[in-house]
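Participant: If you scroll down you'll find the structure; I have some questions about it.
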DNA sequence: GTGGAGTTGTTCAAATTCGAACTATGTGGG
DNA sequence: CCCACATAGTTCGAATTTGAACAACTCCAC
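Residue numbers (this note's numbering), protein chains in the order written: chain L, 1 to 154; chain S, 155 to 308.
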């Protein structure tokens with residue numbers, strides 16, 4: 001409590017640049033997905049994760065963890081996606097409490113249709129701006145942040 | 155439309171790590187500010203920007219631009235902060251349409267009280283995890299992202 | 001000056017998010 | 001077997017965010 005270690009100029013510049021850019025990027029991605037496919041970024045991530053999962057299905061909790069959204073937030077989004085026929089709910093064979101979110105064929109098609117535009121934006125506004133070395137640094141740094149944040153959340 | 159340049163493994167790893175970590179970090183920052191001061195991260199950023207501005211005041215539009223929030227979003231947050239006495243609205247002398255958001259003494263005190271805990275989290279979950287070189291890379295990269303995103307938003 | 005185009009900030013409805021409370025189910029110790 | 005405790009998802013209310021529509025004002029060209 002004696003003294004706070006404030007951010008020096010370099011640190012402050014890094015934090016500010018990170019904050020501003022991450023918000024702008026998120027806004028732009030959200031905007032593109034909404035315009036092109038009527039999807040939230042969260043919804044897109046859900047479809048993408050399911051698509052990559054074995055059997056195109058994942059437990060709700062696991063999915064929420066992966067997408068980084070609250071349990072109730074995931075329930076809400078799965079409701080939306082189910083109403084649009086992009087996802088189905090299925091009971092979990094090994095645990096009666098559990099629910100499996102399953103990607104439907106329509107969901108897979110929607111993802112296929114939407115992915116190119118999404119990837120283009122991600123490239124244009126992030127990936128293609130980085131040298132291979134910078135890309136590697138970003139991966140390393142952000143993995144460290146993930147670890148630290150998950151540890152702090154216990 | 156012929157072919158999409160998909161993300162290769164390295165690129166995908168970078169994007170995934172970035173996405174996950176940035177969401178987790180945002181969540182944690184939000185949580186800390188809410189618990190310690192009853193503030194949103196957006197609200198904290200507003201107070202911080204005003205505090206650093208000459209005369210502790212900024213035009214609404216300028217502030218919205220800096221904090222990366224929509225005009226209506228800023229109106230809402232300034233309403234909240236005004237009700238708590240942390241910010242005041244003042245007419246702009248040079249432009250009758252304009253509104254100046256002004257940090258009050260109470261607002262400054264609130265910021266002073268809140269800043270140490272906030273900085274601690276930012277350090278713990280980001281800044282202190284980076285080497286000086288990584289810090290510099292993050293700043294450089296994210297500045298580039300900001301430029302690209304703002305350019306794309308015209 | 002005057003008209004039209006652009007800016008500024010607010011209002012409004014809709015969508016999304018979260019945490020807390022709740023229901024139902026699994027699990028381990030006695 | 002049974003109870004206490006932990007886990008899985010949902011429901012609910014509150015807060016926040018956005019874009020579109022709107023009213024008021026500035027500014028420039030004529």
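For glycine and all other residues, C-beta sits at the position ideal for the given N, C-alpha and C. Because the structure is a prediction, the values reported are computed rather than measured.
In the DSSP assignment, the alpha helix (DSSP H) including residue 131(L) goes from what residue to what residue?
Facilitator: Premise fails: residue 131(L) is in no alpha helix (DSSP H) and is neither H nor E.
Participant: Give me whichever residues DSSP pairs with residue 158(S) in a beta bridge.
Facilitator: Residue 158(S) pairs with nothing; no bridge assigned.
Participant: With H, G and I counted as helix, E and B as strand and the rest as coil, what does DSSP make of residue 63(L)?
Facilitator: In this structure, residue 63(L) counts as helix in the three-state DSSP scheme.
Participant: Use the C-beta contact count for residue 220(S): other C-beta atoms within 10 angstroms, 16 or more gives buried, fewer gives exposed.
Facilitator: Buried, since its Cβ has 16 or more Cβ neighbours within 10 Å.
Participant: For residue 92(L), count neighbouring C-beta atoms within 10 Å of its own C-beta (all shown protein chains included) and say buried if the count is 16 or more, exposed if not.
Facilitator: Flag for residue 92(L) reads exposed.
Participant: Who does residue 244(S) pair with in a DSSP beta bridge?
Facilitator: BP columns for residue 244(S) point to 254(S).
Participant: So with CB distances below 8 Å, who are the chain S contacts of residue 60(L)?
Facilitator: Within chain S, no residue comes near residue 60(L); the closest Cβ sits about 18 Å away, beyond 8 Å.
Participant: First and last residue of the alpha helix (DSSP H) that includes residue 40(L)?
Facilitator: Neither: residue 40(L) is in no alpha helix (DSSP H) and is coded neither H nor E.
Participant: Within the 8 Å Cβ cut-off, does residue 82(L) reach chain S?
Facilitator: Judged by the 8 Å Cβ criterion, residue 82(L) is not in contact with chain S.
Participant: Per DSSP, what kind of secondary structure is residue 106(L) in: helix, strand or coil?
Facilitator: In the structure shown, residue 106(L) sits in a helix (DSSP, three-state: H, G or I).
Participant: If contacts are defined as beta-carbon pairs under 8 Å, then residue 22(L) and residue 171(S) qualify, I think. What distance do you get, rounded to the angstrom?
Facilitator: With 8 Å as the limit, residue 22(L) and residue 171(S) do not qualify as a contact, their Cβ atoms being about 13 Å apart.
Participant: Where residue 262(S) and residue 183(S) are concerned, what is the direct C-alpha to C-alpha distance, given to the nearest angstrom?
Facilitator: The alpha-carbon atoms of residue 262(S) and residue 183(S) are separated by roughly 20 Å.
Participant: Whose C-beta lies closer than 7 Å to the C-beta of residue 101(L) among residues of the same chain, with five residues either side of it excluded?
Facilitator: These residues qualify, in order along the chain: 50, 57, 58, 60, 63, 78, 87 and 89.
Participant: So, is the C-beta of residue 89(L) closer than 8 Å to a C-beta in chain S?
Facilitator: Cβ-Cβ to chain S under 8 Å: no for residue 89(L).
Participant: Taking only beta carbons into account, state which residues of the stretch 157 to 178 of chain S come closer than 8 Å to chain L, listed in chain order.
Facilitator: The stretch 157 to 178 of chain S vs chain L, Cβ under 8 Å: 158, 159, 160, 161, 164, 165, 167, 168, 169, 171, 172, 173, 174, 175, 176, 177 and 178.
Participant: In whole angstroms, what is the alpha-carbon distance linking residue 113(L) and residue 121(L)?
Facilitator: Computed Cα separation, rounded: 14 Å.
Participant: Using a Cβ-Cβ cutoff of less than 7 Å, which residues in the same chain neighbour residue 5(L) once the five nearest sequence positions on both sides are dropped?
Facilitator: Answer for residue 5(L): no residue qualifies.
Participant: So, for residue 73(L): in the same chain, excluding its five sequence neighbours on each side, which residues have a beta-carbon less than 8 Å away from its beta-carbon?
Facilitator: Closer than 8 Å at Cβ, skipping near neighbours: 42 and 64.
Participant: What are the boundary residues of the alpha helix (DSSP H) that includes residue 97(S)?
Facilitator: Residue 97(S) lies beyond the range of chain S shown here (155 to 308); nothing can be said about it.
Participant: Taking only beta-carbon positions, decide if residue 292(S) is within less than 8 Å of chain L.
Facilitator: Closer than 8 Å to some Cβ of chain L, the Cβ of residue 292(S) qualifies, so yes.
Participant: Rounded to a whole number of angstroms, what is the C-alpha to C-alpha distance between residue 288(S) and residue 14(L)?
Facilitator: Roughly 10 Å between the two C-alpha positions.
Participant: So, under 8 Å CB-CB, residue 235(S) and residue 200(S) are touching, yes? Tell me the CB distance rounded to an integer number of Å.
Facilitator: Right, their Cβ atoms sit about 7 Å apart.
Participant: For residue 211(S), which residues does DSSP report across the bridge?
Facilitator: Residue 211(S) pairs with 256(S).
Participant: On the three-state DSSP scale, how would you describe residue 115(L)?
Facilitator: Three-state DSSP puts residue 115(L) in a helix.
Participant: Could you compute how far the alpha carbon of residue 25(L) sits from the alpha carbon of residue 258(S)?
Facilitator: Cα-Cα distance, rounded: 32 Å.
Participant: Between the alpha carbons of residue 95(L) and residue 76(L), how many angstroms are there, rounded?
Facilitator: So the alpha carbons of these two residues sit roughly 22 Å apart.
Participant: Just to make sure I have the definition right: I need the residues of chain S whose C-beta is within less than 9 Å of the C-beta of residue 75(L). Which are they?
Facilitator: The premise fails here: residue 75(L) is roughly 17 Å from chain S at the closest Cβ pair, so nothing lies under 9 Å.
Participant: Just the Cα atoms here: how many angstroms apart are residue 148(L) and residue 140(L)?
Facilitator: Rounded to the nearest angstrom, the two C-alpha atoms are 12 Å apart.
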